[in-house]
Ligand SMILES: Nc1ncnc2c1ncn2[C@@H]1O[C@H](COP(=O)(O)OP(=O)(O)OP(=O)(O)O)[C@@H](O)[C@H]1O
Ligand SMILES: [Mg+2]
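Chains as they are written, first to last, in the numbering used here: chain E, 1 to 276; chain X, 1 to 359.
Quick look at the structure:
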C-alpha cells in the first residue's frame, strides 16, 4: 500500500494553518484583551483596568443588561431542561423500542433542525406564531428555543444510550423489575453523563442564540445576544467587549463541562471479555 | 438421581421459535425435573441461548407452550416469572456495588432494605465473596464477577436458575474450580439449574441430564452415560467425544438388536438406537473399545496407516480395504503389542461397544 502523503510536506502548509487559526481566534483574543482597556476608545490602548466590567454591572446600561441576562438564563434553563426531557424520551423510543415503522424517518425529523438554515427556521417560526395568533414574548422565545435545542440534547444522549447494552435492563427485568423500574433504576443512571452533557449543550445553544430569538422575541423583550446587538447598533463601546468576554467565558465553561460529562463513566463497564 | 422422576419443573412443550423465516428452535420438547442439574449442550448458534431466553421471557415463542410447575408462562413478562438468569456477559449493574447488585431482585420483590441486606450477606457468603461486598463490578476479576452474577440470581430463591455459559469467560483452571462450586451450590440450594454450554466435558462432568441440540433441533436427552454410551444419531455420537462411524448394511432389527453386515462381509449383531432402520446405516464404536488382533480373527481387517504415540496410550488409524479409516485407542500397558506402520491387522469390538445409529 502506498504511504499516505504527509500533509505537512506541502509548501505553505504551516502558513495556511497559522492563517486559519489567526482568523478564527484573533478577533476573540482582541476582544478579550481590549475588554480590559482603560480607555473609552475601542482601538487605542490606555492601560489595564476593569472599568468596563464595572460599567457592565453598575453603569448606565447595567439595568438593561441585567434584565436581558436574567431573561437569557431563565430561558436557557427552561428550554434546556424541557429539551433534555424530550430528547431522553425520544432516544429511549428510538433505541429501546425495537424496530418500528418510521424509525429512520423519526431520526431524520429529530436531527433536521441541525441542517435547516437558522434564518429559515426563524422566519418560519415567526410566520407560524403570527398565523396561530400567538403573542410574541418570553413564551414564544422559550418555545422556539426548546424546539431547536432538542437535536443538540438528543445527540449526546443517544450516543451514550447506544453504548449501553440492553442486557442490563434485561437483567433488571429478570430480577423482577418492571419496565419502568428497569429504566429508572438502571438505564437512567447509566445514561446520566449523556444527559448532563446534552443539557449543558442545549443550555449554551439557547444562551447564545441570536437569529431565531431576534425574530420571535417581540417588542421590549431582550435576551443577552439581542441586547448586545441593540447596543452595538448605536456604536461599539468598550463595555460590549467586556460583556462579550463574559459570555465567551460562560460558553467555554459549559462546552468544557459538557465534554467531560460526556466522557464521564466511559470505562465503568462490568463486561468480562466473554463472547456473546 | 436421574432415575427419580419427581416433579416436572419446566415443561418445554413443542416449542418453535422463528426469527422471520429463520427457525432458531424447531419443535423442541423437553421436561426438566425439579432439583435437576440439566444441561443444554450444542455447538455455537444451535439455539441454546434462544431457548433460555424463551424460558426467561425475553423472546416470544412462535408455537408451543412453556410450563413452570404446570402453569403456562408464555404470556408472562420476564419480571413475573419466578426464574432467574446468570447472563452470558454477567450484566452486573456497573453503578451499584456488589451488595446492591445482589439486593436488587429482593427489593423489587418487596423485601425491606434490612431483610434484603441480610439475605444478600448470606448469599455472598455462599459464593465466598463477603470481603468484596462493597466493591463495584469493575473492581472485580472475571471469576469474582461471575460469582456475583450467580449470587444475584440465587438471592431471590428462584424456582429455576438459568445459566448461559457462565464459565466461558474464565480460564481453564478457574473454570474447573467453579464447576465444582456450582454443583455444590446446586445441591445445597436444591434449585433446578438449566445450564447452557457448548463444552462437552463441562456438560458430562456436571449434569444430571443433558439435552443435545443441533440446528435448533433436539437430538437426544439423557444422562452423561446414556449420551456417551448410547448415542442415538451421528451428530450426538460425533459431538460427544470421539467415535468411529462404520458403514454397514442392516438386514433387520429385532427386539432392539440389529443384524448387520460389516465392511469385509462379516456378520455382526449389536444394539440399535430406537428408530434405527434396515438398509444402509452406521455403527458407532468408540476408539477405546476397539481392540487389535490377528487379521484372521478380526471382525474387520485393514492396514495400519497412522500411529500417534500419546504416552499412556496410542492412537492407531487403520485403513480398511474399502478405504474407510477406523481409529483404535490402545492402552500402553505391559502386554500390549504395538502394531507397526503398514502392518495388516484385525479389529475387534464387543457387541455392547457398538450401536446402530438413526440415519
Ligand atoms: N434476534 C435475532 N434475530 C435473528 N436471528 C437470531 C436472533 N437471535 C438469535 N438468532 C439466531 O438464532 C440462532 C441461535 O442463536 P443462539 O444465540 O440461541 O445460539 P447459541 O446456541 O446460544 O450459540 P452460542 O454458543 O454461540 O452462544 C443463531 O443462528 C442466531 O443467528
Ligand atoms: Mg449463547
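Yeah, the Cβ is synthetic: ideal placement off N, Cα and C, and Gly gets one too.
| task | For residue 167 of chain E, go through chain X and note every residue whose CB falls closer than 7 Å to its CB, in chain order. | result | What you label residue 167 of chain E is simply residue 167 of the first chain in a count that begins at 1. Chain X residues near residue 167 of chain E: 87, 89, 91.
| Cβ of residue 321 of chain X within 6 Å of any heavy atom in ligand 2? | Against the second chain, residue 321 of chain X aligns to sequence position 321. Because no heavy atom of ligand 2 lies under 6 Å away, the Cβ of residue 321 of chain X does not count as near it: no.
| Between the region 276-284 of chain X and the region 345-356 of chain X, do at least 3 Cβ pairs fall closer than 8 Å? | yes
| message | Between residue 90 of chain E and residue 75 of chain E, how many whole angstroms is the CB-CB distance? I'm expecting something under 8 Å. | response | Taking the first chain and counting its residues from 1, one reaches residue 90 of chain E at position 90. Taking the first chain and counting its residues from 1, one reaches residue 75 of chain E at position 75. Not a contact, Cβ separation roughly 21 Å.
| task | Out of X/296, X/318, X/291, state which residue places its alpha-carbon closest to the alpha-carbon of residue 332 of chain X. | result | In the second chain, residue 332 of chain X corresponds to position 332, counting from 1. The option with the nearest alpha carbon to residue 332 of chain X is X/291.
| said: Tell me which residue opens and which closes the beta strand (DSSP E) that residue 340 of chain E is part of. | reply: Nothing about residue 340 of chain E can be reported from this structure: the residues present for chain E run from 1 to 276 only.
| query | Can you round the beta-carbon distance between residue 189 of chain X and residue 133 of chain X to whole angstroms, since I take them to be within the 8 Å contact cut? | reply | The sequence position of residue 189 of chain X within the second chain is 189, counting from 1. The sequence position of residue 133 of chain X within the second chain is 133, counting from 1. Residue 189 of chain X to residue 133 of chain X, Cβ: 20 Å. No contact.
| message | Please state the DSSP three-state secondary structure of residue 2 of chain X. | response | Taking the first residue of the second chain as position 1, residue 2 of chain X is located at position 2. A caution first: residue 2 of chain X carries a pLDDT of 42, below 50, which makes its placement in the model unreliable, though a value can still be read off. Here residue 2 of chain X sits in coil by DSSP.
| request: Rank X/327, X/260, X/205 by C-alpha distance to the C-alpha of residue 242 of chain X and give the top, closest one. | output: Mapped onto the second chain, residue 242 of chain X falls at position 242. Ranking X/327, X/260, X/205 by Cα distance to residue 242 of chain X puts X/327 first.
| said: Please classify residue 54 of chain E as buried or exposed, where buried requires at least 16 other C-beta atoms within 10 Å of its C-beta. | reply: On the first chain, position 54 is the one that residue 54 of chain E refers to. Burial call: exposed.
| task | State yes or no: is the C-beta of residue 227 of chain X within less than 7 Å of the C-beta of residue 283 of chain X? | result | As a first step, residue 227 of chain X is located in the second chain; it is residue number 227 there, counting from the start. As a first step, residue 283 of chain X is located in the second chain; it is residue number 283 there, counting from the start. No, Cβ-Cβ distance for residue 227 of chain X and residue 283 of chain X is not below 7 Å.
| Are the region 138-147 of chain E and the region 161-170 of chain E touching by the rule of at least three beta carbon pairs closer than 8 Å? | no
| said: Quick check on the DSSP output: the beta strand (DSSP E) that includes residue 217 of chain E runs from which residue to which? | reply: As a working note, residue 217 of chain E is residue 217 in the first chain. Where residue 217 of chain E is concerned, there is no enclosing beta strand (DSSP E), given that its DSSP letter is neither H nor E.
| task | Closer than 7 Å by C-beta to residue 20 of chain X: which residues in its own chain qualify, once you throw out the five before and the five after it? Chain order, please. | result | To locate residue 20 of chain X, count along the second chain from 1; it is residue 20. Excluding sequence neighbours, residue 20 of chain X sits near nothing in its chain.
| request: Answer with yes or no whether the minimum CB distance from residue 157 of chain X to chain E is below 7 Å. | output: Counting from 1 along the second chain, the entry for residue 157 of chain X is found at position 157. Not an interface residue.
| Interfacial residues, the region 102-126 of chain X to chain E, with Cβ spacing under 7 Å | 104, 105, 108, 109
| Regarding residue 23 of chain X and ligand 1, is the C-beta to nearest heavy atom distance less than 6 Å? | The residue given as residue 23 of chain X occupies position 23 in the second chain. The answer is no for residue 23 of chain X.
| query | So, using beta-carbon positions, are residue 223 of chain E and residue 72 of chain E closer together than 7 Å? | reply | Looking up residue 223 of chain E in the first chain gives position 223. Looking up residue 72 of chain E in the first chain gives position 72. Yes; because the gap between Cβ atoms is below 7 Å, this pair is in contact.
| task | List in chain order: all unbroken alpha helix (DSSP H) runs of 4+ residues lying wholly within the region 247-335 of chain X. | result | none
| query | With 16 other CB atoms within 10 Å as the buried threshold, where does residue 186 of chain X fall? | reply | As a working note, residue 186 of chain X is residue 186 in the second chain. The residue is buried, with at least 16 neighbouring Cβ atoms inside 10 Å.
| field | chain E within 7 Å of residue 95 of chain X, Cβ atoms only | value | Working through the second chain from its first residue, we reach residue 95 of chain X at position 95. Yes, because at least one Cβ of chain E sits closer than 7 Å to the Cβ of residue 95 of chain X.
| query | Between the region 292-310 of chain X and the region 341-349 of chain X, do three or more beta carbon pairs fall short of 8 Å? | reply | yes
| task | Compare the C-beta of residue 43 of chain X against all C-beta atoms of chain E and say whether one is closer than 7 Å. | result | As a first step, residue 43 of chain X must be located in the second chain, where it is residue number 43. No, its Cβ sits nowhere closer than 7 Å to a Cβ of chain E.
| Is it the case that the CB of residue 49 of chain X approaches a heavy atom of ligand 2 more closely than 6 Å? | Position 49 of the second chain holds residue 49 of chain X. Within the cutoff, so yes.
| task | For residue 186 of chain E, return the contacting residues in chain X, with the cut-off set at a CB-CB distance below 7 Å. | result | Taking the first chain and counting its residues from 1, the one referred to as residue 186 of chain E is at position 186. Ordered by position in chain X, the residues that pass the 7 Å Cβ test against residue 186 of chain E are 93.
| query | Which of helix, strand or coil does DSSP assign to residue 67 of chain X? | reply | Your numbering for residue 67 of chain X matches position 67 in the second chain. Three-state DSSP puts residue 67 of chain X in a strand.
| request: Confirm the yes/no value for this check: CB of residue 19 of chain X, any heavy atom of ligand 1, distance under 6 Å. | output: Taking the second chain and counting its residues from 1, the one referred to as residue 19 of chain X is at position 19. Residue 19 of chain X: yes, Cβ under 6 Å from ligand 1.
| Does residue 189 of chain E get closer than 7 Å to chain X when you measure Cβ to Cβ? | The sequence position of residue 189 of chain E within the first chain is 189, counting from 1. By this cut-off, residue 189 of chain E is an interface position.
| query | What span of residues does the beta strand (DSSP E) with residue 189 of chain X cover, start to end? | reply | One-based indexing of the second chain puts residue 189 of chain X at position 189. It is not in any beta strand (DSSP E) - residue 189 of chain X instead sits in the alpha helix (DSSP H) that spans 172-189.
| Enclosing beta strand (DSSP E) for residue 14 of chain X [first to last residue] | What you label residue 14 of chain X is simply residue 14 of the second chain in a count that begins at 1. Its beta strand (DSSP E) spans residues 8-19.
| For residue 346 of chain X, which of helix, strand or coil comes out of DSSP? | Your numbering for residue 346 of chain X matches position 346 in the second chain. Reduced to three states, the DSSP call for residue 346 of chain X is strand.
| task | Examine ligand 4 and report whether any of its heavy atoms sits within less than 6 Å of the Cβ of residue 44 of chain X. | result | Ligand 4 is absent from the structure shown, which contains only ligand 1 and ligand 2.
| request: Pull up the DSSP beta-bridge partners for residue 164 of chain X, would you. | output: Taking the second chain and counting its residues from 1, one reaches residue 164 of chain X at position 164. DSSP lists X/196 as partners of residue 164 of chain X.
| query | Which term fits residue 277 of chain E, buried or exposed, when burial requires 16 or more other beta carbons within 10 angstroms of its beta carbon? | reply | The requested residue 277 of chain E is not part of the displayed model; chain E covers only 1 to 276.
| query | Which bits of chain E does residue 78 of chain X rub up against, with CB to CB less than 8 Å? | reply | Working through the second chain from its first residue, we reach residue 78 of chain X at position 78. Per Cβ cutoff of 8 Å: 170, 173, 174.
| If you draw a straight line from the alpha carbon of residue 87 of chain X to that of residue 46 of chain X, how long is it in whole angstroms? | The residue given as residue 87 of chain X occupies position 87 in the second chain. The residue given as residue 46 of chain X occupies position 46 in the second chain. For residue 87 of chain X and residue 46 of chain X, the distance between alpha carbons rounds to 17 Å.
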